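Going by our numbering, the first residue of the sequence shown is number 3, and it counts up by one from there.
Virtual Cβ for every residue (Gly too), placed ideally from N, Cα, C.
Since the model is a prediction, treat every value here as computed from it, not as a measurement.
These notes are about the structure you will find just below.
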Amino acid sequence: MRTTVGIIGAGPAGLLLGRLLDDAGVDNVVLESRDRAYVEQRQRAGILEHGTAEALRAAGAGERMDREGLPHDGIELRFDRRRHRVDLPALTGGRNVTVYAQTEVCKDLIALRLDGGGPLLFAAEALAVEGAETAAPRVRYRHRGRESALECDYVAGCDGFRGVAREAVPEAVSRVFGRTFPFAWLGILADVPPSHGELVYARHDRGFALLSMRSPTVTRAYLQVPDGTHAAEWSDEEIWDELDRRLETDDPSWTLHRGPVTAKSVTPLRSYVHEPMRHGRLFLAGDAAHIVPPTGAKGLNLAVGDVVTLARALTLRHEKGDASLIDAYSRTCLRRVWQAERFSCALTALLHRAPDATPFDDRVQLAGLDRIAGARSAETDLAEGYTGFPLD
Ligand code: APR
Ligand code: PHB
3 MRTTVGIIGA GPAGLLLGRL LDDAGVDNVV LESRDRAYVE QRQRAGILEH
53 GTAEALRAAG AGERMDREGL PHDGIELRFD RRRHRVDLPA LTGGRNVTVY
103 AQTEVCKDLI ALRLDGGGPL LFAAEALAVE GAETAAPRVR YRHRGRESAL
153 ECDYVAGCDG FRGVAREAVP EAVSRVFGRT FPFAWLGILA DVPPSHGELV
203 YARHDRGFAL LSMRSPTVTR AYLQVPDGTH AAEWSDEEIW DELDRRLETD
253 DPSWTLHRGP VTAKSVTPLR SYVHEPMRHG RLFLAGDAAH IVPPTGAKGL
303 NLAVGDVVTL ARALTLRHEK GDASLIDAYS RTCLRRVWQA ERFSCALTAL
353 LHRAPDATPF DDRVQLAGLD RIAGARSAET DLAEGYTGFP LD
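Given below as structure tokens:
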């Protein structure tokens, strides 16, 4: 098989890139190792930055998001038994976020693709990218037990953190930056309406807690737990009790709504950046190039930023023969990626309790939160980071 752009991975990065290239008339093929049901059900994040929602709309993939997604104009910080609301549009010149699950974004993009877009092969596992430094790179892959090659002009590695595309960048040119955190998130989905209309980020001496949602009837919540925790170690009742403790407040109107837990899982926290994001005719995008701790909900949004940048670059090359945006791709994306790493690490440090935290550290965290609650400049900085850095 031959195509202009070979795309490895049908997560949000690969699917949106395929859609943007289809729109621009740049022919492309998407290879995905898993089956459709798996890709459509994998539980991931659910907060779309302002620019991400706009990018999905511009790609013609915003219709159901605009109908079913929940626009959120604020988040709550809870600390020291206090509640503080951050008014996002008031601090950012009108920007907000949208609660719409990544699974739904993927379903919408898959439906568009199968309805007249380019080829999307499920159960097609990329084995290796070859010839990235040449004018004719190829992706070796296995589909239905048969090995084949996809001959391309360009390859986009959108195959997530555990993909194979990154391996095609020689060690001599790769620089890897990373950090692990000594805690993880225990996440639940529960069939109960959210206890509050907006997300609640709670800092507590017992550890961080986050109250989120997937819809008006489904709660999503997280607890900071020690690294290495297994989800089965926590009963549903223990999880609700712990959420109740960490969300404690002097506000008598507050109550936590409990309900049946339908899913439970543990996510490790990690920061990772691979530089550069381009090698020859191979581009890395999304989790294939970088991971952020989930505290700022930046993972999906960064992936969208990468592929919007990449689609523009490949389209300019295709239409005008101009490679300048291709040459700028890695630099353009890494600037935004490092801003997101900085933001996510800072928010993680502000809200989580390290295993070796001292009372001094606790006071510094509380002072940081108090500063956000009391100084518009600090609050604006948080709101700008949360609603997202511009795509350009
Ligand atoms: N061949 C083909 N497909 C592969 C291969 C391979 N060798 N390895 C991985 N894949 C597929 C995975 O099955 C997955 O569907 O690549 C896709 C990568 O998707 P994601 O992991 O979702 O990564 P990305 O599209 O970059 O999305 C960004 O943001 O919210 C965060 O981590 C979260 O998934 C999210 C990410
Ligand atoms: C989620 O709903 O999954 C979620 C929300 C906000 C975050 C992280 C995850 O910061």
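D82 versus L58, G209, D383, residue with shortest Cα-Cα distance: For the purposes of this step, residue 82 is taken as the residue at position 80 of the sequence shown. Of L58, G209, D383, the residue nearest in Cα terms is G209.
Residues that Y102 bridges to, as DSSP identifies them: Walking along the sequence shown from the start, residue 102 turns up at place 100. In the DSSP output, where bridge partners are listed per residue, Y102 has none listed.
Cβ-based burial, E343 [other Cβ within 10 Å; buried from 16]: Taking the first residue of the sequence shown as 1, we reach residue 343 at position 341. So E343 counts as buried.
Whole runs of the beta strand (DSSP E) within the segment 50-83, excluding any shorter than 3 residues: 72-74, 76-81
Closer than 7 Å: L213 CB and nearest the ligand PHB heavy atom: For the purposes of this step, residue 213 is taken as residue 211 along the sequence shown, with counting starting at 1. False, no ligand heavy atom lies under 7 Å from that Cβ.
Environment of A396 [buried if 16+ CB atoms lie within 10 Å]: The chain is shown only over 3 to 394; residue 396 falls outside these bounds and no answer can be derived.
From K109, L93, G11, residue whose alpha carbon lies closest to that of A125: Working through the sequence shown from its first residue, we reach residue 125 at position 123. Checked all of K109, L93, G11; the closest Cα to A125 is G11.
Residue span of the alpha helix (DSSP H) that contains V310, given as start and end: Position 308 of the sequence shown, counted from the first residue, corresponds to residue 310. Element bounds for V310: 301-322.
Own chain partners of A134 with C-beta closer than 8 Å, once the 5 adjacent residues on each side are dropped: Taking the sequence shown and counting its residues from 1, one reaches residue 134 at position 132. V157, A170, V171, H281, G282, R283, L284.
Cβ-heavy atom distance, C335 to the ligand APR, below 7 Å: As a position in the sequence shown, residue 335 is number 333, starting the count at 1. No, the ligand APR has no heavy atom inside 7 Å of this Cβ.
Whole-angstrom distance between G180 and Q43, CA atom to CA atom: Within the sequence shown, the letter at position 41 stands for residue 43. Within the sequence shown, the letter at position 178 stands for residue 180. Taking the straight line from one Cα to the other gives about 29 Å.
Inter-residue Cα distance where the pair is H2 and R168: Outside the displayed span of the chain (3 to 394) sits residue 2, for which this structure offers no information.
Closest residue to D207 among A385, R4, D363, G387 (Cα-Cα distance): Residue 207 sits at position 205 when you count from the first residue of the sequence shown. Out of A385, R4, D363, G387, D363 has the C-alpha closest to the C-alpha of D207.
Cα-Cα separation between R97 and T360, rounded to whole angstroms: Along the sequence shown, read from residue 1 onward, the residue named residue 97 stands at position 95. Along the sequence shown, read from residue 1 onward, the residue named residue 360 stands at position 358. The straight-line gap from Cα to Cα measures roughly 37 Å.
P14: CB within 7 Å of a non-hydrogen atom of the ligand APR: As a first step, residue 14 is located in the sequence shown; it is residue number 12 there, counting from the start. At least one heavy atom of the ligand APR is nearer than 7 Å to the Cβ of P14, so yes.
Sequence-distant residues of the same chain with beta carbon closer than 8 Å to R115, five excluded per side: Position 113 of the sequence shown, counted from the first residue, corresponds to residue 115. If we look at R115 and ignore the five residues flanking it on each side, its Cβ neighbours are L17, G20, R21, D24, V32, L122.
Cβ contact (3+ pairs, closer than 8 Å) linking the segment 236-251 and the segment 141-150: no
For S200, the nearest candidate out of E244, D89, A290 (CA to CA): Here the question's residue 200 lines up with position 198 in the sequence shown. Strictly speaking, residue 200 in this sequence is Glu, with Ser absent from that position. Out of E244, D89, A290, D89 has the C-alpha closest to the C-alpha of E200.
Neighbourhood of T231 by C-beta, 8 Å cutoff - its chain only, sequence neighbours within 5 removed: As a position in the sequence shown, residue 231 is number 229, starting the count at 1. Taken in chain order, the residues that qualify are A186, L188, V268.
Under 8 Å between C-beta atoms of G8 and C160: As a first step, residue 8 is located in the sequence shown; it is residue number 6 there, counting from the start. As a first step, residue 160 is located in the sequence shown; it is residue number 158 there, counting from the start. Result no, Cβ atoms of G8 and C160 do not sit closer than 8 Å.
Alpha helix (DSSP H) runs contained entirely in the segment 217-286, provided each spans 4 or more residues: 238-248
Helix, strand or coil at V171 according to DSSP, with G and I counted as helix: In the sequence shown, residue 171 corresponds to position 169, counting from 1. Reduced to three states, the DSSP call for V171 is coil.
Every unbroken beta strand (DSSP E) within the segment 135-207, with a cutoff of 3 residues, ordered by chain: 140-145, 148-153, 156-159, 177-192, 201-205
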